[in-house]
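Undergrad:
Chains as they are written, first to last, in my numbering: chain D, 24 to 370; chain E, 9 to 78.
#1: Closer than 9 Å by beta-carbon distance: list the chain E residues that pair up with residue 345 of chain D, in chain order.
#2: Quick check on residue 47 of chain E - is its C-beta less than 8 Å from some C-beta in chain D?
#3: Do residue 66 of chain E and residue 285 of chain D have their C-beta atoms closer together than 8 Å?
#4: Work out the CA separation of residue 198 of chain D and residue 69 of chain E for me, nearest whole Å.
#5: For residue 52 of chain E, which residues in the same chain have their Cβ closer than 8 Å to its Cβ, ignoring the five residues on either side in sequence?
#6: For residue 283 of chain D, which residues of its own chain have a beta-carbon under 8 Å away from its beta-carbon, when the five flanking residues on both sides are left out?
#7: Along the region 310–326 of chain D, where does the CB come closer than 9 Å to a CB of chain E? Name the residues.
#8: What is the rounded straight-line gap between the Cα of residue 187 of chain D and the Cα of residue 19 of chain E?
#9: Is there a C-beta anywhere in chain D that falls below 8 Å from the one on residue 21 of chain E?
#10: How would you list, in chain order, the residues of chain D whose beta-carbon sits under 7 Å from the beta-carbon of residue 69 of chain E?
#11: Are the region 338–355 of chain D and the region 218–227 of chain D in contact at 8 Å, needing three or more beta carbon pairs?
#12: According to a CB-to-CB cut-off of less than 7 Å, which residues of the region 28–46 of chain E neighbour chain D?
#13: Whose CA, out of D:287, D:192, D:328, D:302, lies closest to the CA of residue 217 of chain D?
#14: Between the alpha carbons of residue 33 of chain E and residue 254 of chain D, how many angstroms are there, rounded?
#15: Under 7 Å, CB to CB, which of the residues in the region 194–221 of chain D have a partner in chain E?
#16: Just to make sure I have the definition right: I need the residues of chain E whose C-beta is within less than 9 Å of the C-beta of residue 361 of chain D. Which are they?
#17: Where residue 81 of chain D and residue 46 of chain E are concerned, what is the direct C-alpha to C-alpha distance, given to the nearest angstrom?
#18: Can you check DSSP and say which residues form a bridge with residue 283 of chain D?
#19: Looking at the C-beta of residue 272 of chain D, does it have a partner C-beta in chain E at a distance below 8 Å?
#20: Give me the chain E residues within the contact set of residue 288 of chain D, using Cβ-Cβ distance strictly less than 7 Å, ordered along the chain.
#21: Would you kindly report the start and end of the unbroken alpha helix (DSSP H) that includes residue 238 of chain D?
Here it is in structure tokens:
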């Protein structure tokens with residue numbers, strides 16, 4: 024590993040040298056060669072501004088990652104091995120603890136990715152997408168996106184697993200509410216929430232406090248819902264489909280020339296301000312619940328689960344045009360509902 | 009020469025455009041449709057408001073608060 028760093032340093036120096044001589048192409052070549060050399064380092068993924076290398080005890084570090092903060096125990100050795108360009112700084116791990124500081128002294132949130140075949144290396148990516156792009160595999164224990172440099176000991180990080188279970192139980196009613204909104208079927212919602220909670224408890228040790236509990240659990244729930252839909256368990260409550268719902272059209276909004284009878288009004292100077300208010304989302308939720316079962320499900324799949332139209336059609340077994348009509352109706356109804364219940368009330 | 013048929017094509021009504029705007033969120037519109045929508049929106053305040061409202065609905069759903077942060 025040291026040789027790789029030396030090589031990189033050499034490339035850097037050469038880059039600087041050639042740049043100073045005014046030979047930009049050669050300098051760029053060295054820069055690229057340096058990048059390639061580092062990238063080629065076995066199992067290493069290198070990002071120019073935020074890399075943290077953990078050493079031979081990285082696997083142990085990965086296990087400790089939940090409640091523990093990673094702290095460097097050999098900063099001196101780390102400083103020697105790290106590059107001093109203000110670009111890379113690589114403290115070493117010792118006994119499974121490491122914390123990095125980048126060259127500007129900002130503390131880093133520790134790494135939460137372990138490559139399975141290189142268990143000794145734990146690397147923090149600049150961002151998750153770049154990591155996947157470069158590595159192209161899913162052999163990770165846990166992934167932490169670079170969102171914050173706040174310390175790792177958030178509440179969940181230092182909790183015992185049993186406390187996590189208590190928290191999950193407290194969140195259960197809300198998870199149920201979301202599942203019901205999405206699936207429109209109480210039994211299916213119960214099943215899905217149950218699966219999500221079990222999965223959350225299993226994965227509790229990998230949850231290293233990178234986000235709040237509810238965000239994490241909801242992400243699990245969303246995935247479970249998607250899986251549930253994919254398995255084609257279509258015990259859908261379509262039998263109560265109200266026929267009149269389908270007949271209601273929005274043609275009445277337009278006159279014979281196709282113009283709006285009542286043109287949509289401006290929702291104020293800054294409608295986005297509504298998004299920062301919690302009551303707005305309460306109103307929105309009620310409006311979504313008020314949609315017909317099928318329209319509501321399709322809308323949630325599109326906008327909340329963020330599936331593509333093809334995926335939705337596949338899961339539900341409807342044609343694309345049917346899907347678009349449902350989404351159109353859902354949007355029109357929601358727009359009306361929001362206008363009536365929020366924006367017309369001068370909030 | 010039936011001009012009105014072409015007028016309907018070149019100058020879509022609010023009804024056509026609002027449907028296209030809503031559909032534009034779910035599928036790729038053809039270049040022609042996109043052009044018609046854009047031209048119409050430049051002229052029609054009501055449809056512009058509609059478009060903004062529908063996009064606001066989308067960003068609201070994206071930011072739907074997952075669960076009440078206690």
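Where is the CB? At the ideal position from N, CA and C, for every residue including glycine.
Quick caveat, the model's predicted, so the values are computed rather than measured.
TA: Answer, in terms of the structure:
#1: In chain order: nothing, as chain E lies at least about 12 Å away.
#2: It does not: the Cβ of residue 47 of chain E has no partner Cβ on chain D nearer than 8 Å.
#3: At the C-beta level, residue 66 of chain E and residue 285 of chain D stay beyond 8 Å of one another.
#4: CA-to-CA, the gap between residue 69 of chain E and residue 198 of chain D works out to about 17 Å.
#5: Contacts found: 22, 25.
#6: Result list for residue 283 of chain D: 276, 277, in chain order.
#7: Residues are counted here when their Cβ sits less than 9 Å from a Cβ of chain E; for the region 310–326 of chain D these are 311, 322, 323, 325, 326, given in chain order.
#8: About 60 Å.
#9: Residue 21 of chain E counts as touching chain D.
#10: Residues of chain D whose Cβ lies closer than 7 Å to the Cβ of residue 69 of chain E are, in chain order, 326, 327.
#11: Between the region 338–355 of chain D and the region 218–227 of chain D, the count of Cβ pairs shorter than 8 Å is below three; the stretches do not touch.
#12: Residues of the region 28–46 of chain E that bring their beta carbon within less than 7 Å of a beta carbon in chain D comprise 30, 31, 34, 35, in sequence order.
#13: Put simply, of D:287, D:192, D:328, D:302 the residue whose alpha carbon is nearest the alpha carbon of residue 217 of chain D is D:192.
#14: Approximately 27 Å between the Cα atoms of the pair.
#15: Cβ contacts with chain E: 194, 197.
#16: Per Cβ cutoff of 9 Å: 61, 64, 65, 68.
#17: Low confidence applies to residue 81 of chain D: its pLDDT is 38, below 50, so where it sits in the model is not reliable, and the reading given next is rough at best. If I take the Cα positions, the gap works out to 55 Å.
#18: Residue 283 of chain D is bridged by DSSP to D:277.
#19: So, not an interface residue.
#20: By Cβ distance, chain E contributes 57.
#21: Counting along the chain, the alpha helix (DSSP H) containing residue 238 of chain D begins and ends at 236–253.
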